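Below is one structure, written out as structure tokens; the observations come after it.
Protein chains: 2
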Amino acid sequence: MTAKFPDIAPRLPAAEGHDWPEFRPGWVWLTGAGPGDPGLLTLNALHGLREADVVVHDALVDPRILSWARPGARLIHSGKRGGKASPKQRDITLHLVELARAGNRVLRLKGGDPFVFGRGGEEALGLVEAGIPFRVVPGISSGVGGLAHAGIPVTHRDVNQSVTFVTGHDKRGLAPVTVDWEAVAKASPVVVIYMGMKHLGEIAAAMIAAGRAGSEPVAIVTDASLPTQRVLETSLATAAADAEAAGMQPPALIVVGRNVLLRQALDWAGQMAGEPPRSLDPLGTRAQDDAAEG
Amino acid sequence: MTAKFPDIAPRLPAAEGHDWPEFRPGWVWLTGAGPGDPGLLTLNALHGLREADVVVHDALVDPRILSWARPGARLIHSGKRGGKASPKQRDITLHLVELARAGNRVLRLKGGDPFVFGRGGEEALGLVEAGIPFRVVPGISSGVGGLAHAGIPVTHRDVNQSVTFVTGHDKRGLAPVTVDWEAVAKASPVVVIYMGMKHLGEIAAAMIAAGRAGSEPVAIVTDASLPTQRVLETSLATAAADAEAAGMQPPALIVVGRNVLLRQALDWAGQMAGEPPRSLDPLGTRAQDDAAEG
Numbered sequence: 003m004t005a006k007f008p009d010i011a012p013r014l015p016a017a018e019g020h021d022w023p024e025f026r027p028g029w030v031w032l033t034g035a036g037p038g039d040p041g042l043l044t045l046n047a048l049h050g051l052r053e054a055d056v057v058v059h060d061a062l063v064d065p066r067i068l069s070w071a072r073p074g075a076r077l078i079h080s081g082k083r084g085g086k087a088s089p090k091q092r093d094i095t096l097h098l099v100e101l102a103r104a105g106n107r108v109l110r111l112k113g114g115d116p117f118v119f120g121r122g123g124e125e126a127l128g129l130v131e132a133g134i135p136f137r138v139v140p141g142i143s144s145g146v147g148g149l150a151h152a153g154i155p156v157t158h159r160d161v162n163q164s165v166t167f168v169t170g171h172d173k174r175g176l177a178p179v180t181v182d183w184e185a186v187a188k189a190s191p192v193v194v195i196y197m198g199m200k201h202l203g204e205i206a207a208a209m210i211a212a213g214r215a216g217s218e219p220v221a222i223v224t225d226a227s228l229p230t231q232r233v234l235e236t237s238l239a240t241a242a243a244d245a246e247a248a249g250m251q252p253p254a255l256i257v258v259g260r261n262v263l264l265r266q267a268l269d270w271a272g273q274m275a276g277e278p279p280r281s282l283d284p285l286g287t288r289a290q291d292d293a294a295e296g
Numbered sequence: 003m004t005a006k007f008p009d010i011a012p013r014l015p016a017a018e019g020h021d022w023p024e025f026r027p028g029w030v031w032l033t034g035a036g037p038g039d040p041g042l043l044t045l046n047a048l049h050g051l052r053e054a055d056v057v058v059h060d061a062l063v064d065p066r067i068l069s070w071a072r073p074g075a076r077l078i079h080s081g082k083r084g085g086k087a088s089p090k091q092r093d094i095t096l097h098l099v100e101l102a103r104a105g106n107r108v109l110r111l112k113g114g115d116p117f118v119f120g121r122g123g124e125e126a127l128g129l130v131e132a133g134i135p136f137r138v139v140p141g142i143s144s145g146v147g148g149l150a151h152a153g154i155p156v157t158h159r160d161v162n163q164s165v166t167f168v169t170g171h172d173k174r175g176l177a178p179v180t181v182d183w184e185a186v187a188k189a190s191p192v193v194v195i196y197m198g199m200k201h202l203g204e205i206a207a208a209m210i211a212a213g214r215a216g217s218e219p220v221a222i223v224t225d226a227s228l229p230t231q232r233v234l235e236t237s238l239a240t241a242a243a244d245a246e247a248a249g250m251q252p253p254a255l256i257v258v259g260r261n262v263l264l265r266q267a268l269d270w271a272g273q274m275a276g277e278p279p280r281s282l283d284p285l286g287t288r289a290q291d292d293a294a295e296g
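Listed in order, the protein sequences are those of chains A and B.
So the first sequence is residues 3 to 296, counted in this note's numbering.
So the second sequence is residues 3 to 296, counted in this note's numbering.
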């Protein structure tokens, strides 16, 4: 038995002393919608959706989230659609400025978090330049929350004290030449790559050339946190070929590192669907921990 | 005029077709509470709070969030309090197992995200080993969402295609010897350090030794996203001394990189409080962008 939203709404807290942030006409909220699952939206984002006159959203925002907009609010799709070219970033920013100047409460709704490879900083700079008041409403970034839904912790004390997030796209849509892949490979036992599917082969080769083992575990996740979520477990050397063979399509998250092994125990979504854990000690560290803490 | 929670609750969406995740007696939800502001809680986390019989929470979870627990739910503080030593991680995990075996819906509520330096993976492994069904509910990590509230984007297209998150603590509370600070310094133009205040001087020296400029911008943020938020803008060479002089106390977030300059334009919280932006072009890239896109 799961609870429908209308059943829980009346039981939402009458939070003493908590004021929701003000959203005045002429203001813009740069808001993250999270990785997909509507339950990963924040309360502030929901509040913004209920207040906004106009919602300017990316292609990746789930329709169920958009259905929560205030009745009568205008929904504007800003991303790529069908075969049409994506509007230029500057055009999107100018559009936000126009809508705000016309006296609308404008919710700019982006997948994930607006400040994690989301170009939120560019839009915010455009708003400041135009004198438009704005707020940033952070969202769950797919590289953290999406991977959690796949049963993969981006940090784990026995694996890593650092994690690097990197984009596989640069300004021109190429594998970024400005990324020092050798340093990235050495810096963090765990590397999360956003938008890396197109150049996965090159990226993996660069990381192996920098000293990462070809056998190192890799997971590729599509539709993270949604019922259609797919997770491919592979290795650095075979990732590109395996992804192609499995028909994994972008957008996808790619994570490189031993924490991928933890999925053998921590695939909670699979376990809730009846699959037993494949291992209770996927890192082989249990005996070691007992000695250290005992 | 800000809206009180009771005013928005009746207008919450009757989301057609959206089922909230089931939370059965005997189950544990490992849940992130976000950086502080109760509005940054996710809908799933709020749902869990309203369903749970027991809430086992860290010291950093805001009391206003805890006030949203179901009336009659038991609140258990699991973190450090006053002079008492922090319970061992294994003891916390065993406690979660006991509470679940006794037939409770157990919400384990942690500041930030459970899988970003939150030891959620360890707790989850303990639950799997004990056969306790669990779910992970991601939260906004303070290194992303807390910095957004300080007006600092962790990524910005003109600054970085990669960002590294690193903890200043290791298993024994020392500056982690397992982190290759030289590689971290080289890998990412932007480095976010969690729990790094105690060893800030050493960490900054290591990064400078690895080639980062002493003049590189640094921000130190405490109480991120709360009304008591403080932000100190400094530089790598002077960060430790400036933090001490300013009386900045842990826990704090530290961010190293040119994106800190963006705060001169993007400090939206300050601007909402009436402070004008200090710069409209903090990176000096506006003319350059116009040429590239025009």
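Heads up, the beta-carbon is just placed ideally off N, CA and C, and yes, glycines get one too.
All values reported here derive from a predicted model rather than from experimental measurement.
**Message:** Contact between the region 251-268 of chain A and the region 123-143 of chain A is defined here as three or more beta-carbon pairs at a separation below 8 Å; is this criterion met?
**Reply:** Taking 8 Å as the limit for Cβ pairs, the verdict is that the region 123-143 of chain A does not touch the region 251-268 of chain A.
**Item:** Supposed contact pair A35/A and A47/A - C-beta distance, whole angstroms, cut 8 Å
**Value:** Position 45 of the first sequence, counting from 1, holds the residue named residue 47/A. Position 33 of the first sequence, counting from 1, holds the residue named residue 35/A. Indeed they touch by this definition, with Cβ atoms about 7 Å apart.
**Prompt:** Do we get a CB-CB distance below 9 Å when we pair D115/B with the residues of chain A?
**Reply:** Within the second sequence, the letter at position 113 stands for residue 115/B. With 9 Å as the cut-off, D115/B counts as an interface residue toward chain A.
**Cβ separation of L43/A and I78/A, assumed to be a contact under 8 Å, to the nearest whole Å** = Translated into positions along the first sequence, residue 43/A becomes position 41. Translated into positions along the first sequence, residue 78/A becomes position 76. In fact, because the Cβ distance is near 19 Å, the residues do not count as touching under 8 Å.
**Request:** Could you tell me which chain B residues have their CB closer than 8 Å to the CB of V220/A, listed as they occur along the chain?
**Result:** Working through the first sequence from its first residue, we reach residue 220/A at position 218. Within chain B, no residue comes near V220/A; the closest Cβ sits about 17 Å away, beyond 8 Å.
**Asked** Given a threshold of 16 other Cβ atoms within 10 Å of its Cβ, counted over all protein chains shown, does G216/B qualify as buried or as exposed?
**Response** Working through the second sequence from its first residue, we reach residue 216/B at position 214. G216/B is exposed by the Cβ-count criterion.
**Prompt:** Count the other CB atoms within 10 Å of the CB of P8/B; is the residue buried (16 or more) or exposed (fewer)?
**Reply:** By 1-based counting over the second sequence, the position of residue 8/B is 6. With a pLDDT of 38 at P8/B, under the threshold of 50, the predicted position of this residue should be treated as unreliable, though the coordinate-derived value follows. Classification of P8/B: exposed, given that the 10 Å Cβ count is below 16.
**Prompt:** For L109/B, which of L51/B, T180/B, G213/B and A212/B has the nearest alpha-carbon?
**Reply:** Here residue 109/B corresponds to residue number 107 of the second sequence, with the count starting at 1. Out of L51/B, T180/B, G213/B and A212/B, L51/B has the C-alpha closest to the C-alpha of L109/B.
**Prompt:** A267/B: which of V258/B, I256/B and G286/B sits nearest, CA to CA?
**Reply:** Start at 1 with the first residue of the second sequence, and residue 267/B comes out as number 265. That would be G286/B, whose Cα lies nearest to the Cα of A267/B.
**Prompt:** What residues are listed by DSSP as bridge partners for T224/A?
**Reply:** In the first sequence, counting from the first residue as 1, residue 224/A sits at position 222. Note: T224/A is bridge-paired with R232/A in the DSSP secondary-structure output.
**Request:** Quick one: grab the DSSP three-state call for S69/A.
**Result:** If you number the first sequence from 1, residue 69/A lands on position 67. For S69/A, the three-state secondary structure derived from DSSP is coil.
**Request:** Have a look at V168/B and A189/A and give me their C-alpha separation to the nearest angstrom.
**Result:** Residue 168/B sits at position 166 when you count from the first residue of the second sequence. Residue 189/A sits at position 187 when you count from the first residue of the first sequence. If you draw a straight line from the Cα of V168/B to the Cα of A189/A, it comes to about 10 Å.
**Message:** Taking DSSP's pairing of strands, which residues face P219/A in a bridge?
**Reply:** In the first sequence, counting from the first residue as 1, residue 219/A sits at position 217. For P219/A, DSSP records a beta bridge to S237/A.
**Prompt:** Taking the beta strand (DSSP E) that V139/A falls in, what are its first and last residues?
**Reply:** As a working mapping, residue 139/A is identified with position 137 in the first sequence. For V139/A, the enclosing beta strand (DSSP E) stretches over residues F136 to V139.
**Message:** Less than 9 Å between CB atoms is the rule here; does G198/A satisfy it with respect to chain B?
**Reply:** Here residue 198/A corresponds to residue number 196 of the first sequence, with the count starting at 1. It does not: the Cβ of G198/A has no partner Cβ on chain B nearer than 9 Å.
**Message:** So if I threshold CB-CB distances at 9 Å, which residues from the region 39-52 of chain B count as touching chain A?
**Reply:** Under the 9 Å Cβ criterion, the region 39-52 of chain B contributes D39, P40, G41, L42, L43, T44, L45, N46, A47, L48, H49, L51 and R52.
**Asked** Taking the alpha-carbon positions, what's the P278/A to I205/A distance?
**Response** Numbered from 1 along the first sequence, position 276 holds the residue referred to as residue 278/A. Numbered from 1 along the first sequence, position 203 holds the residue referred to as residue 205/A. Straight-line Cα distance between these residues: approximately 33 Å.
**Item:** Distance between beta carbons of V118/A and S143/A, contact taken as under 8 Å
**Value:** Locating residue 143/A in the first sequence gives position 141, where the first residue counts as 1. Locating residue 118/A in the first sequence gives position 116, where the first residue counts as 1. That pair is a contact at about 4 Å.
**Request:** For M209/A, go through chain B and note every residue whose CB falls closer than 9 Å to its CB, in chain order.
**Result:** What you label residue 209/A is simply residue 207 of the first sequence in a count that begins at 1. Here the premise fails: no neighbours, minimum Cβ distance about 12 Å.
**Prompt:** Any C-beta of chain B sitting closer than 9 Å to the C-beta of L62/A?
**Reply:** For the purposes of this step, residue 62/A is identified with residue 60 of the first sequence, where counting begins at 1. Answer no: the Cβ-Cβ gap between L62/A and chain B never drops below 9 Å.
**Message:** Is the beta carbon of G105/A closer than 9 Å to that of G28/A?
**Reply:** Within the first sequence, the letter at position 26 stands for residue 28/A. Within the first sequence, the letter at position 103 stands for residue 105/A. For G28/A and G105/A, yes; Cβs fall inside 9 Å.
**Request:** Compare the C-beta of Q163/A against all C-beta atoms of chain B and say whether one is closer than 9 Å.
**Result:** Residue mapping note: residue 163/A aligns to position 161 of the first sequence, counting from 1. Q163/A counts as touching chain B.
**Request:** List the residues of chain A that E124/B touches, going by C-beta distances under 7 Å, in chain order.
**Result:** Within the second sequence, residue 124/B is the residue found at index 122, counting from 1. R159, listed in chain order.
**Prompt:** Can you pull the DSSP bridge partners for R106/A?
**Reply:** Your numbering for residue 106/A matches position 104 in the first sequence. It is Asn, not Arg, that sits at residue 106/A in the sequence shown. The secondary-structure analysis by DSSP pairs N106/A with nothing; it has no beta-bridge partner.
**Asked** Hey, V30/A and I94/A are a contact pair by Cβ (cut 8 Å); roughly how many whole angstroms apart?
**Response** Within the first sequence, residue 30/A is the residue found at index 28, counting from 1. Within the first sequence, residue 94/A is the residue found at index 92, counting from 1. Actually they do not touch by this definition, with Cβ atoms about 12 Å apart.
**Prompt:** Listed in chain order, which residues of the region 183-196 of chain B have Cβ atoms closer than 7 Å to some Cβ of chain A?
**Reply:** Within the region 183-196 of chain B, the residues whose Cβ lies closer than 7 Å to some Cβ of chain A are A185, V186, K188, A189 and S190, listed in chain order.
**Nearest candidate by alpha-carbon position, reference G148/A, set A61/A, A271/A and W22/A** = Position 146 of the first sequence, counting from 1, holds the residue named residue 148/A. The shortest C-alpha separation from G148/A is found at A271/A.
**Request:** Quick one: using the 10 Å Cβ neighbour count with 16 as the cut-off for buried, is P73/A buried or exposed?
**Result:** Residue numbering aside, residue 73/A sits at position 71 when the first sequence is read from its first letter. P73/A is exposed by the Cβ-count criterion.
**Asked** Applying a beta-carbon distance threshold of less than 7 Å, which residues of chain B neighbour P279/A?
**Response** For this step, residue 279/A is matched to residue 277 along the first sequence. Going along chain B in sequence order, the residues near P279/A (Cβ under 7 Å) are V130.
**Item:** Through-space distance from H59/B to G113/B, alpha-carbon basis
**Value:** The sequence position of residue 113/B within the second sequence is 111, counting from 1. The sequence position of residue 59/B within the second sequence is 57, counting from 1. Straight-line spacing of the CA atoms in G113/B and H59/B works out to 8 Å.
**Prompt:** So which of R26/B, I256/B and A239/B has the shortest CA-CA distance to V212/B?
**Reply:** Here residue 212/B corresponds to residue number 210 of the second sequence, with the count starting at 1. Inspection of the sequence shows that residue 212/B is occupied by Ala rather than by Val. Measuring from the Cα of A212/B, the nearest candidate turns out to be A239/B.
**Contacting residues, own chain, Cβ-Cβ under 6 Å from M199/A (five flanking each side not counted)** = Working through the first sequence from its first residue, we reach residue 199/A at position 197. Around M199/A: P252 and A254.
**Message:** Within a Cβ cutoff of 8 Å, which residues of the same chain sit near A208/A, ignoring the five residues on either side of it in sequence?
**Reply:** Working through the first sequence from its first residue, we reach residue 208/A at position 206. Sequence-distant Cβ neighbours of A208/A in its own chain, meaning closer than 8 Å and more than five residues away, are W183, E184 and A187.
**Asked** Between which two residues does the beta strand (DSSP E) carrying V30/A extend?
**Response** Against the first sequence, residue 30/A aligns to sequence position 28. V30/A -> beta strand (DSSP E) spans V30 to G34.
**Prompt:** Leaving out five residues before and five after G120/A in sequence, what residues of the same chain have Cβ atoms less than 8 Å from its Cβ?
**Reply:** Sequence index remark: in the first sequence, residue 120/A carries index 118 (1-based). So the qualifying residues of the chain are G34, K112, G113 and G114.
**Asked** Expressed to the nearest angstrom, what Euclidean distance is found between the alpha-carbon atoms of V146/B and R265/B?
**Response** Walking along the second sequence from the start, residue 146/B turns up at place 144. Walking along the second sequence from the start, residue 265/B turns up at place 263. Cα to Cα, V146/B sits roughly 14 Å from R265/B.
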